[in-house]
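Residue numbers for the sequence shown, in numbering that gives the first Met the number 0: 0 to 69. Just so it is clear, CB atoms sit at the ideal spot from N, CA and C, and this is done for glycine as well. What follows is a single structure, written as structure tokens, with notes after it.
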Amino acid sequence: MESKTLKKLLTIVLLTITISYALDKLIFFGLNKISDNVMSGQAIGKTNQFLSVKDTTDFIVFGNSRANHH
Numbered sequence: 000m001e002s003k004t005l006k007k008l009l010t011i012v013l014l015t016i017t018i019s020y021a022l023d024k025l026i027f028f029g030l031n032k033i034s035d036n037v038m039s040g041q042a043i044g045k046t047n048q049f050l051s052v053k054d055t056t057d058f059i060v061f062g063n064s065r066a067n068h069h
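Quick look at the structure:
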């Protein structure tokens with residue numbers, strides 16, 4: 000391989016890795032920010048709702064759907 004071709008290939012590979020890493024972090028922080036505001040759902044929504052009202056709650060029930068409805 001020529002030096003010029005190798006340099007171009009290395010540049011493309013490094014740019015691809017850098018752009019992929021930056022895009023991954025951007026998507027991660029965006030989805031993480033969205034999940035912090037979710038107040039519905041079985042997993043993260045219930046936890047977020049509890050954390051927002053925890054000082055005014057006397058007790059909380061964690062469990063399956065039967066515990067949720069009784």
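- The beta carbons of I43 and V37 sit about 6 Å from each other, so the pair counts as a contact at 8 Å.
- Under the three-state reduction of DSSP output, S39 falls in the coil class, being neither helix nor strand.
- Within its own chain, the residues whose Cβ lies closer than 7 Å to the Cβ of S34, once the five positions on either side in sequence are excluded, are I43, listed in chain order.
- Here F27 carries a helix assignment [DSSP, helix/strand/coil].
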